[in-house]
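The structure appears below as C-alpha coordinates.
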Amino acid sequence: MYADYGGLRMNFDKIIAVRTGKTVYKDGGRAVKVFDGDYSKSDILNEALNQARAEEAGLNVPSLISVDGENGRWSITSSYINGKTAARIITETPERTALALEALVNAQLLFQSYKLPLLTALKSKAARRIAAAEISDKKRKELSGLLDTLPDGDSLCHCDFTPSNVVITDGGEAYVLDWSHASRGDAAADAAATYLRIKFESEEGAQSYLSLYCEKSGKRLCDIEKWIPVVAAAISVGKSAAERNFLLSNI
205 MYADYGGLRM NFDKIIAVRT GKTVYKDGGR AVKVFDGDYS KSDILNEALN QARAEEAGLN
265 VPSLISVDGE NGRWSITSSY INGKTAARII TETPERTALA LEALVNAQLL FQSYKLPLLT
325 ALKSKAARRI AAAEISDKKR KELSGLLDTL PDGDSLCHCD FTPSNVVITD GGEAYVLDWS
385 HASRGDAAAD AAATYLRIKF ESEEGAQSYL SLYCEKSGKR LCDIEKWIPV VAAAISVGKS
445 AAERNFLLSN I
(Lines of atoms letter the chains of each structure in order from A and count residues from 1; the text may use other names and numbers.)
(Lines give C-alpha, C1' and ligand atoms only; values in the text may rest on other atoms or scores of the structure.)
Protein backbone atom coordinates (compact mmCIF):
# COMPACT_ATOMS: atom_id res chain seq x y z
CA MET A 1 0.00 0.00 0.00
CA TYR A 2 1.35 3.41 -0.98
CA ALA A 3 0.65 6.69 0.80
CA ASP A 4 1.51 10.21 -0.28
CA TYR A 5 3.60 11.94 2.36
CA GLY A 6 4.96 15.36 1.58
CA GLY A 7 5.07 14.57 -2.13
CA LEU A 8 6.79 11.22 -1.53
CA ARG A 9 5.15 7.83 -2.03
CA MET A 10 5.66 5.70 1.08
CA ASN A 11 5.03 1.96 1.13
CA PHE A 12 3.12 0.79 4.22
CA ASP A 13 1.56 -2.56 5.14
CA LYS A 14 -1.97 -1.32 5.83
CA ILE A 15 -4.06 1.48 7.29
CA ILE A 16 -4.67 1.04 11.02
CA ALA A 17 -6.87 4.05 11.66
CA VAL A 18 -8.23 7.13 9.92
CA ARG A 19 -9.12 10.18 11.99
CA THR A 20 -9.73 13.82 11.20
CA GLY A 21 -6.49 15.22 9.84
CA LYS A 22 -4.40 12.10 10.35
CA THR A 23 -3.97 8.53 9.14
CA VAL A 24 -2.12 5.76 10.99
CA TYR A 25 -0.30 3.09 8.97
CA LYS A 26 1.31 -0.19 10.00
CA ASP A 27 4.86 -0.56 8.74
CA GLY A 28 6.24 -3.87 9.98
CA GLY A 29 6.76 -3.49 13.73
CA ARG A 30 6.08 0.23 13.59
CA ALA A 31 2.99 2.44 13.54
CA VAL A 32 3.36 5.63 11.50
CA LYS A 33 0.90 8.44 12.19
CA VAL A 34 0.87 10.84 9.22
CA PHE A 35 -0.67 14.28 9.77
CA ASP A 36 -2.15 16.58 7.17
CA GLY A 37 -0.75 20.05 6.55
CA ASP A 38 -3.04 21.75 9.09
CA TYR A 39 -0.91 20.60 12.01
CA SER A 40 1.90 22.90 13.08
CA LYS A 41 5.40 21.82 13.96
CA SER A 42 4.71 22.68 17.60
CA ASP A 43 1.55 20.51 17.62
CA ILE A 44 3.51 17.48 16.44
CA LEU A 45 6.48 18.02 18.72
CA ASN A 46 4.19 18.57 21.71
CA GLU A 47 2.39 15.27 21.09
CA ALA A 48 5.69 13.43 20.72
CA LEU A 49 7.05 15.05 23.89
CA ASN A 50 3.95 14.09 25.89
CA GLN A 51 4.23 10.51 24.63
CA ALA A 52 7.93 10.40 25.50
CA ARG A 53 7.25 11.67 29.01
CA ALA A 54 4.57 9.02 29.56
CA GLU A 55 6.92 6.36 28.20
CA GLU A 56 9.83 7.49 30.39
CA ALA A 57 7.54 7.43 33.43
CA GLY A 58 7.13 3.69 32.84
CA LEU A 59 3.57 3.65 31.54
CA ASN A 60 2.36 1.21 28.90
CA VAL A 61 2.56 3.41 25.81
CA PRO A 62 3.96 2.72 22.33
CA SER A 63 7.68 3.42 22.31
CA LEU A 64 8.47 6.64 20.43
CA ILE A 65 10.85 5.97 17.53
CA SER A 66 11.02 9.16 15.48
CA VAL A 67 9.39 12.42 14.43
CA ASP A 68 9.78 13.27 10.74
CA GLY A 69 8.79 16.13 8.47
CA GLU A 70 8.76 16.51 4.70
CA ASN A 71 7.32 19.38 2.64
CA GLY A 72 5.04 20.58 5.42
CA ARG A 73 3.74 17.11 6.34
CA TRP A 74 4.70 15.53 9.65
CA SER A 75 4.65 12.02 11.04
CA ILE A 76 5.25 10.33 14.39
CA THR A 77 6.59 6.79 14.30
CA SER A 78 6.09 4.51 17.31
CA SER A 79 6.29 0.81 18.05
CA TYR A 80 3.26 -1.13 16.81
CA ILE A 81 1.17 -2.68 19.60
CA ASN A 82 -0.42 -5.95 18.53
CA GLY A 83 -3.94 -6.15 19.90
CA LYS A 84 -7.41 -4.62 19.61
CA THR A 85 -8.72 -1.30 20.81
CA ALA A 86 -11.38 -1.43 23.49
CA ALA A 87 -13.74 0.17 20.95
CA ARG A 88 -13.16 -2.66 18.48
CA ILE A 89 -13.70 -5.29 21.18
CA ILE A 90 -17.00 -3.67 22.16
CA THR A 91 -18.14 -3.50 18.51
CA GLU A 92 -17.08 -7.01 17.51
CA THR A 93 -17.96 -8.83 20.73
CA PRO A 94 -20.65 -6.90 22.64
CA GLU A 95 -20.70 -9.60 25.31
CA ARG A 96 -17.20 -8.44 26.30
CA THR A 97 -18.23 -4.81 26.78
CA ALA A 98 -18.02 -4.98 30.58
CA LEU A 99 -14.51 -6.45 30.43
CA ALA A 100 -13.38 -3.82 27.90
CA LEU A 101 -14.74 -0.98 30.06
CA GLU A 102 -13.01 -2.44 33.11
CA ALA A 103 -9.70 -2.54 31.22
CA LEU A 104 -10.32 1.06 30.12
CA VAL A 105 -10.96 2.30 33.65
CA ASN A 106 -8.05 0.33 35.11
CA ALA A 107 -5.69 1.87 32.54
CA GLN A 108 -7.03 5.35 33.29
CA LEU A 109 -6.65 4.97 37.04
CA LEU A 110 -3.11 3.72 36.56
CA PHE A 111 -1.90 6.70 34.55
CA GLN A 112 -3.83 9.11 36.77
CA SER A 113 -1.76 7.82 39.70
CA TYR A 114 1.34 9.31 38.05
CA LYS A 115 2.49 12.91 38.41
CA LEU A 116 4.35 14.56 35.52
CA PRO A 117 4.96 18.15 36.69
CA LEU A 118 6.39 19.38 33.38
CA LEU A 119 3.07 18.93 31.55
CA THR A 120 0.80 21.91 30.86
CA ALA A 121 -1.68 22.68 33.64
CA LEU A 122 -5.14 21.41 32.71
CA LYS A 123 -6.93 24.48 34.08
CA SER A 124 -4.71 26.83 32.06
CA LYS A 125 -5.42 24.87 28.90
CA ALA A 126 -9.15 24.78 29.67
CA ALA A 127 -9.20 28.56 30.20
CA ARG A 128 -7.64 29.16 26.78
CA ARG A 129 -10.08 26.83 25.09
CA ILE A 130 -13.12 28.33 26.81
CA ALA A 131 -11.96 31.71 25.51
CA ALA A 132 -12.03 30.26 21.98
CA ALA A 133 -15.29 28.30 22.30
CA GLU A 134 -18.36 29.23 20.22
CA ILE A 135 -20.47 30.34 23.18
CA SER A 136 -22.00 33.62 24.35
CA ASP A 137 -19.93 36.07 26.38
CA LYS A 138 -22.30 35.52 29.30
CA LYS A 139 -21.77 31.75 29.22
CA ARG A 140 -18.02 32.23 28.77
CA LYS A 141 -17.91 34.38 31.91
CA GLU A 142 -19.96 31.83 33.86
CA LEU A 143 -17.72 28.94 32.84
CA SER A 144 -14.54 30.91 33.55
CA GLY A 145 -15.86 31.66 37.02
CA LEU A 146 -16.77 28.01 37.57
CA LEU A 147 -13.32 26.90 36.40
CA ASP A 148 -11.70 29.16 39.02
CA THR A 149 -13.56 27.30 41.79
CA LEU A 150 -12.50 23.81 40.66
CA PRO A 151 -9.42 22.04 42.07
CA ASP A 152 -6.08 22.31 40.30
CA GLY A 153 -4.98 18.72 40.95
CA ASP A 154 -1.66 17.22 39.89
CA SER A 155 -2.63 13.91 38.28
CA LEU A 156 -1.54 12.88 34.80
CA CYS A 157 -4.64 13.48 32.67
CA HIS A 158 -4.91 12.14 29.13
CA CYS A 159 -7.86 14.42 28.21
CA ASP A 160 -8.72 12.37 25.10
CA PHE A 161 -9.11 8.96 26.71
CA THR A 162 -11.69 6.88 24.86
CA PRO A 163 -12.13 3.19 23.98
CA SER A 164 -10.39 3.98 20.66
CA ASN A 165 -7.25 5.13 22.46
CA VAL A 166 -6.48 2.01 24.46
CA VAL A 167 -5.16 -1.19 22.84
CA ILE A 168 -5.61 -4.45 24.73
CA THR A 169 -3.12 -7.18 23.85
CA ASP A 170 -3.90 -10.89 23.74
CA GLY A 171 -2.17 -11.12 27.11
CA GLY A 172 -4.57 -8.58 28.60
CA GLU A 173 -2.16 -5.65 28.85
CA ALA A 174 -3.56 -2.21 28.05
CA TYR A 175 -1.51 0.33 26.07
CA VAL A 176 -2.63 3.96 25.91
CA LEU A 177 -2.33 5.87 22.62
CA ASP A 178 -2.55 9.50 21.44
CA TRP A 179 -1.09 11.74 24.14
CA SER A 180 -1.48 15.05 22.29
CA HIS A 181 -3.83 16.55 24.90
CA ALA A 182 -2.09 15.27 28.04
CA SER A 183 -1.88 17.68 30.96
CA ARG A 184 -1.62 17.74 34.74
CA GLY A 185 -4.72 18.43 36.76
CA ASP A 186 -7.72 17.03 38.58
CA ALA A 187 -8.43 13.40 37.68
CA ALA A 188 -12.16 14.17 37.86
CA ALA A 189 -11.76 16.49 34.86
CA ASP A 190 -10.14 13.68 32.89
CA ALA A 191 -13.04 11.39 33.79
CA ALA A 192 -15.52 14.07 32.69
CA ALA A 193 -13.78 14.28 29.31
CA THR A 194 -13.93 10.51 28.86
CA TYR A 195 -17.58 10.46 29.88
CA LEU A 196 -18.49 13.12 27.31
CA ARG A 197 -16.54 11.47 24.50
CA ILE A 198 -18.22 8.12 25.16
CA LYS A 199 -21.63 9.76 25.56
CA PHE A 200 -21.36 11.20 22.04
CA GLU A 201 -21.39 7.60 20.81
CA SER A 202 -23.50 5.88 23.47
CA GLU A 203 -25.49 7.22 26.42
CA GLU A 204 -25.63 3.74 27.94
CA GLY A 205 -21.90 3.21 27.52
CA ALA A 206 -21.16 6.58 29.12
CA GLN A 207 -23.27 5.81 32.17
CA SER A 208 -21.65 2.39 32.53
CA TYR A 209 -18.21 3.98 32.32
CA LEU A 210 -19.04 6.67 34.87
CA SER A 211 -20.48 4.21 37.38
CA LEU A 212 -17.46 1.94 37.07
CA TYR A 213 -15.00 4.83 37.32
CA CYS A 214 -16.63 6.15 40.50
CA GLU A 215 -16.72 2.66 41.99
CA LYS A 216 -13.06 1.93 41.28
CA SER A 217 -11.63 5.40 41.96
CA GLY A 218 -13.67 6.21 45.04
CA LYS A 219 -14.53 9.60 43.56
CA ARG A 220 -17.96 11.09 44.10
CA LEU A 221 -20.19 11.50 41.07
CA CYS A 222 -20.80 15.14 41.97
CA ASP A 223 -17.07 15.91 41.76
CA ILE A 224 -17.02 14.72 38.15
CA GLU A 225 -20.32 16.40 37.27
CA LYS A 226 -18.91 19.79 38.36
CA TRP A 227 -16.34 19.52 35.59
CA ILE A 228 -18.73 18.50 32.80
CA PRO A 229 -19.81 21.99 31.56
CA VAL A 230 -16.25 23.34 31.70
CA VAL A 231 -14.77 20.33 29.93
CA ALA A 232 -17.59 20.25 27.36
CA ALA A 233 -16.87 23.83 26.33
CA ALA A 234 -13.11 23.28 26.31
CA ILE A 235 -13.11 20.18 24.11
CA SER A 236 -15.74 21.60 21.73
CA VAL A 237 -13.09 23.76 20.05
CA GLY A 238 -12.13 22.39 16.66
CA LYS A 239 -14.77 19.65 16.60
CA SER A 240 -17.20 18.85 13.81
CA ALA A 241 -20.54 20.67 13.91
CA ALA A 242 -22.34 17.56 15.19
CA GLU A 243 -19.90 16.90 18.02
CA ARG A 244 -19.60 20.59 18.88
CA ASN A 245 -23.38 20.95 19.16
CA PHE A 246 -23.55 17.84 21.33
CA LEU A 247 -20.80 19.09 23.65
CA LEU A 248 -22.27 22.56 23.98
CA SER A 249 -25.61 21.00 24.92
CA ASN A 250 -23.86 19.73 28.07
CA ILE A 251 -22.93 23.16 29.45
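Using this note's numbering, you'd call the opening residue of the sequence shown number 205 and step up by one each time.
Just so you know, even glycine gets a beta-carbon here, dropped at the ideal spot from N, CA and C.
Take K237, set aside five residues on each side of it, and the residues of its chain with a beta-carbon closer than 7 angstroms to its own are K226, V228, S279 and I280, in chain order.
Within the DSSP bridge table, the entry for L360 names R388 as partners. Contact check for N286 and T373: beta-carbon distance about 6 angstroms, within the 8 angstroms limit, so the pair qualifies. Note that the C-beta distance between D394 and C361 is below 8 angstroms. A direct Cα-to-Cα measurement between E299 and Y284 gives close to 27 angstroms.
Beyond the five residues adjoining it in sequence on each side, I455 comes within less than 6 angstroms, by CB distance, of P433, A436 and A437 in the same chain, given in chain order. Contact annotation, D427 with A386: C-beta distance approximately 21 angstroms; criterion of less than 8 angstroms not satisfied.
In the DSSP assignment, the residues bridged to R234 are D231 and S283. Shown here, L313 sits in a helix according to DSSP, grouped into three states. F239 has K226 as its beta-bridge partners, per DSSP. Just measuring C-alpha positions, the residue of L268, L303, L452 and L308 sitting nearest P367 is L308. When C-alpha distances from S359 are compared across D352, Q316 and S348, the shortest belongs to Q316. When rounded, the separation of the alpha-carbon atoms in L347 and A290 is 32 angstroms. For E429, there is no enclosing beta strand (DSSP E); the residue is found in the alpha helix (DSSP H) stretching over L425 to E429. Taking every protein chain shown into account, the CB of N369 has 16 or more other CB atoms within 10 angstroms, so this residue is buried. One thing to note: A235 has its Cβ within 8 angstroms of the Cβ of I220. DSSP places S244 in the coil class of the three-state scheme, outside both helix and strand. With fewer than 16 neighbouring CB atoms inside 10 Å of its own CB, K342 falls in the exposed class. DSSP, read as helix, strand or coil, puts S340 in coil.
Excluding five sequence positions before and after L263, the CB atoms of its chain that fall closer than 6 angstroms to its own CB belong to F315, given in chain order. Taking 8 angstroms as the upper bound for CB-CB distance, L313 and R388 are not in contact here, some 16 angstroms apart.
Judged by DSSP in its simplified three-state form, T289 adopts strand. In terms of Cβ geometry, T398 and F365 form a close pair [threshold 8 angstroms].
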